[in-house]
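Visitor: If you want the working numbering, it's the position in the sequence shown, counting the first as 1, plus 102.
For each residue, glycine too, the CB sits at the ideal point set by N, CA and C.
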Amino acid sequence: MNTSELNYFGQDILIAYLKERKCKSYKGFLDLHYDDLITSSSSFSNWKKMDNYWAFKFLREAESLGLDLNEKVKSERLGKWVKIYWEGIIKEHKKLIYISSPTSNTSSPDFTSKVASSTSDPASISKIHNLRKRQIIDYNENQMAKKNIRRQFTQSNDKVIQSAQVVQSKNENENEQEIDNLTNFDLTYHSLNPAKMWTLKSSGYYLKVIYEYAQNLPYESYLHSFIINDVDKEAESLFQEEEWEEIFSFNLQKVPKIDKSLTDLMKKYSITDLSLFQKIIFEPFLPANILYSNKEHFDLNYIHLAYSIIHTLWENEDFTLDSSRLEGWYQHNIWSPIIDPIFHNSKINLVRGEGDRLEIGGIEAGRKWEGKNGRKYLRDSLKLGKMLRDMLVQLIKECNGDEQIIRKLQTVGMLHSANRFQLITMDIPNGYICRIKRFDIQEVAGQINNPPLAFVIKDILRAKAIMMQTLELVQEKKSNLNDLDDFDDNGKEVNRSEQYTTHQTITLSETHKTPSRNFKQSL
Numbered sequence: 103m104n105t106s107e108l109n110y111f112g113q114d115i116l117i118a119y120l121k122e123r124k125c126k127s128y129k130g131f132l133d134l135h136y137d138d139l140i141t142s143s144s145s146f147s148n149w150k151k152m153d154n155y156w157a158f159k160f161l162r163e164a165e166s167l168g169l170d171l172n173e174k175v176k177s178e179r180l181g182k183w184v185k186i187y188w189e190g191i192i193k194e195h196k197k198l199i200y201i202s203s204p205t206s207n208t209s210s211p212d213f214t215s216k217v218a219s220s221t222s223d224p225a226s227i228s229k230i231h232n233l234r235k236r237q238i239i240d241y242n243e244n245q246m247a248k249k250n251i252r253r254q255f256t257q258s259n260d261k262v263i264q265s266a267q268v269v270q271s272k273n274e275n276e277n278e279q280e281i282d283n284l285t286n287f288d289l290t291y292h293s294l295n296p297a298k299m300w301t302l303k304s305s306g307y308y309l310k311v312i313y314e315y316a317q318n319l320p321y322e323s324y325l326h327s328f329i330i331n332d333v334d335k336e337a338e339s340l341f342q343e344e345e346w347e348e349i350f351s352f353n354l355q356k357v358p359k360i361d362k363s364l365t366d367l368m369k370k371y372s373i374t375d376l377s378l379f380q381k382i383i384f385e386p387f388l389p390a391n392i393l394y395s396n397k398e399h400f401d402l403n404y405i406h407l408a409y410s411i412i413h414t415l416w417e418n419e420d421f422t423l424d425s426s427r428l429e430g431w432y433q434h435n436i437w438s439p440i441i442d443p444i445f446h447n448s449k450i451n452l453v454r455g456e457g458d459r460l461e462i463g464g465i466e467a468g469r470k471w472e473g474k475n476g477r478k479y480l481r482d483s484l485k486l487g488k489m490l491r492d493m494l495v496q497l498i499k500e501c502n503g504d505e506q507i508i509r510k511l512q513t514v515g516m517l518h519s520a521n522r523f524q525l526i527t528m529d530i531p532n533g534y535i536c537r538i539k540r541f542d543i544q545e546v547a548g549q550i551n552n553p554p555l556a557f558v559i560k561d562i563l564r565a566k567a568i569m570m571q572t573l574e575l576v577q578e579k580k581s582n583l584n585d586l587d588d589f590d591d592n593g594k595e596v597n598r599s600e601q602y603t604t605h606q607t608i609t610l611s612e613t614h615k616t617p618s619r620n621f622k623q624s625l
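#1: Within a Cβ cutoff of 6 Å, which residues of the same chain sit near residue 518, ignoring the five residues on either side of it in sequence?
#2: Using a threshold of 8 Å, state whether the C-beta atoms of residue 132 and residue 126 are closer than that.
#3: Measure the CB-CB distance between residue 160 and residue 128 and report whether it falls below 8 Å.
#4: Measure the beta-carbon distance from residue 491 to residue 613 and round it to whole angstroms, keeping in mind my assumption that it falls under 8 Å.
#5: What residues in its chain sit with their C-beta under 6 Å from that of residue 228, if we drop five residues either side in the sequence?
#6: Following the continuous alpha helix (DSSP H) through residue 520, name the residue where it begins and the one where it ends.
#7: Do residue 427 and residue 471 count as a contact pair if the criterion is CB distance below 8 Å?
#8: Buried or exposed for residue 620, please, with buried defined as at least 16 other CB atoms from any protein chain shown within 10 angstroms of its CB.
#9: Grab me the residues of residue 485's own chain with a C-beta within less than 7 Å of its C-beta, minus the 5 sequence neighbours each way, in chain order.
#10: Please work out which residues of its chain come closer than 6 Å, Cβ to Cβ, to residue 566, disregarding the five sequence neighbours upstream and downstream, and give them in chain order.
#11: How about residue 494 and residue 610: do their beta carbons lie closer than 8 Å?
#12: Under three-state DSSP, which class holds residue 357?
#13: Using 8 Å as the threshold, is the C-beta distance between residue 363 and residue 402 below it?
#14: Out of 560, 373 and 504, state which residue places its alpha-carbon closest to the alpha-carbon of residue 516.
#15: If you follow the beta strand (DSSP E) that residue 539 is in, where does it begin and where does it stop?
#16: What distance in whole Å lies between the Cβ atoms of residue 448 and residue 570, which are believed to be in contact at a cut-off of 8 Å?
#17: Take the Cβ of residue 330 as the centre, count every other Cβ of all protein chains shown within 10 Å, and call the residue buried at 16 or more, exposed below.
#18: Where residue 212 and residue 475 are concerned, what is the direct C-alpha to C-alpha distance, given to the nearest angstrom?
#19: If you reduce the DSSP assignment to three classes, tell me which class residue 336 lands in.
#20: Could you tell me if residue 287 is buried or exposed, where buried requires 16 or more neighbouring beta carbons within 10 angstroms of its beta carbon?
#21: If you run the structure through DSSP and keep just helix, strand and coil, what is residue 139?
#22: Does residue 168 pass the burial test, meaning 16 or more other C-beta atoms within 10 Å, or should it be called exposed?
#23: Where DSSP assigns a beta bridge to residue 329, which residues make up the other side?
#24: Less than 8 Å between the C-beta atoms of residue 550 and residue 416, yes or no?
#25: DSSP three-state call for residue 178: helix, strand or coil?
#26: By alpha-carbon positions, which one of 302, 529, 396 and 130 ends up nearest to residue 357?
#27: Measuring only the C-alpha atoms, how far is residue 615 from residue 165?
#28: Cα-Cα, which of 434, 526 and 391 is closest to residue 469?
#29: What is the DSSP secondary structure of residue 299, reduced to helix, strand or coil?
#30: Measure the CB-CB distance between residue 172 and residue 293 and report whether it falls below 8 Å.
#31: Does the distance from the C-beta atom of residue 540 to that of residue 311 stay below 8 Å?
#32: Exposed or buried, residue 572, counting other C-beta atoms within 10 Å across all chains shown (16 or more means buried)?
#33: What does residue 526 pair with, by DSSP beta-bridge criteria?
#34: Please name the residue or residues paired with residue 350 in a DSSP beta bridge.
#35: Sort 439, 360 and 413 by Cα distance to residue 381 and report the nearest one.
#36: Taking only three categories from DSSP, how would you classify residue 609?
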């Protein structure tokens, strides 16, 4: 390959290795070209970034040659040798820079901010210039990885070298952070099994369009975590109308139905006359001669309790829900009394703060409601979406990746800002894609049932029902008594090893970390 055709240092030896070697491996390439990698200066400050960078290059070049080495590379990189290898590279490279110094002063080993003296030995100057050129080459490549810019590799002249020698450490750290963010996203995509990716039936259109679009975004998006959000207009624009409909109809989980006895009670309480409401709220909510049963009537009791608590606010004629109220006020006077009691008869513990157990739902709160395009709402929505995906990652591990189970799993989010409430669910309909469904935004009114409180309560009841379904699925997987049998019903021995190897499983990658970049107010 001609030098002028190179896009980054080492591309020629990497392609040659993949073409010529019969037995191809990431470790084999690194071991073979240890010396080459020592001399290739990078702006990476730790071994993980070095490994991410070269693993991505290895997988990308392999893919361009029609080679599927994703699983092999993923397995290789789990070994302890990876850290030892790259730390050795970094250590040897630092020695190389120091030896190449024209002044060999132990108090100043870093020469990136020094210009070579005209009295220095020509051979030493030549070595410094060569190092400078490689630093610039790698830096440009990192920028290409960051912005997906396809540039021609060119030799840098001395003038360019000298102008690049003074670099602020702050800028270097920012560049490293951005490079790390993007290469991790690229590596995540290339580590996925193409055979398990979602292909749309309506058009056969491969969902790698999500990756190709997201890698060029200058801001963080749901798509960086392979999450499709049902109100994301930019994501919707990537697909045809029938494709978008398929994405949000395929393997769709049914919304739990609320028992008629519960909706009837909410309708009864949904009146706007305060004096009439005060009369009704103190009447028994059970028919005459029916004894209360916690198992049968808990949800009725919860509805009565929720209305009774909010009623104490409605009774105050001067009561308003305005922007002067703090987030803590809404938390303690509205949301905690309405949300927390619904879980008192279940195995679900609502913990405000970080929990150390299996999580199946989350709440994100805010003080002020600025509308669906408000900065706070958008930030909290993205944060909650990533939180729900993290929960799915853990749930999948609990279910040992059993695809029959995980396609039914849902995590639940409750987003409330001031007196607004929105229910959010996330599932994994196909492939590696997580899908967000948003329910309508509801409101706890400052004046009695204007709008009705019933819509908020109904969505909270739905949230509990979905969480209970997910919990049952996980427990069902853990307590499958059929796993005890060594023989089937016909007396034939069950081959456990064969069962496990043929079992359809899937895993999700870790959720994309929030990068250091500007936030865009757009869903």
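Guide: Let me lay it out:
#1: 437 and 467
#2: no
#3: yes
#4: 5 Å
#5: For residue 228, the predicted structure reports a pLDDT of 35, less than 50, and the residue's modelled location is therefore unreliable. A value from the coordinates is still provided. Excluding residues within five positions, none has a Cβ falling inside 6 Å.
#6: Here residue 520 belongs to no alpha helix (DSSP H), and DSSP marks it neither H nor E.
#7: no
#8: Residue confidence is low: residue 620 scores 46 on pLDDT, short of 50, so the model does not pin down where it sits. Its coordinate-derived value is still stated next. Residue 620 is exposed by the Cβ-count criterion.
#9: 466
#10: 444
#11: yes
#12: coil
#13: yes
#14: 560
#15: 535-540
#16: 6 Å
#17: buried
#18: With a pLDDT of 34 at residue 212, under the threshold of 50, the modelled position of this residue cannot be trusted, and the question is left open.
#19: helix
#20: buried
#21: helix
#22: exposed
#23: 536
#24: yes
#25: helix
#26: 529
#27: 25 Å
#28: 434
#29: coil
#30: yes
#31: no
#32: buried
#33: 515 and 540
#34: In the DSSP output, where bridge partners are listed per residue, residue 350 has none listed.
#35: 413
#36: coil
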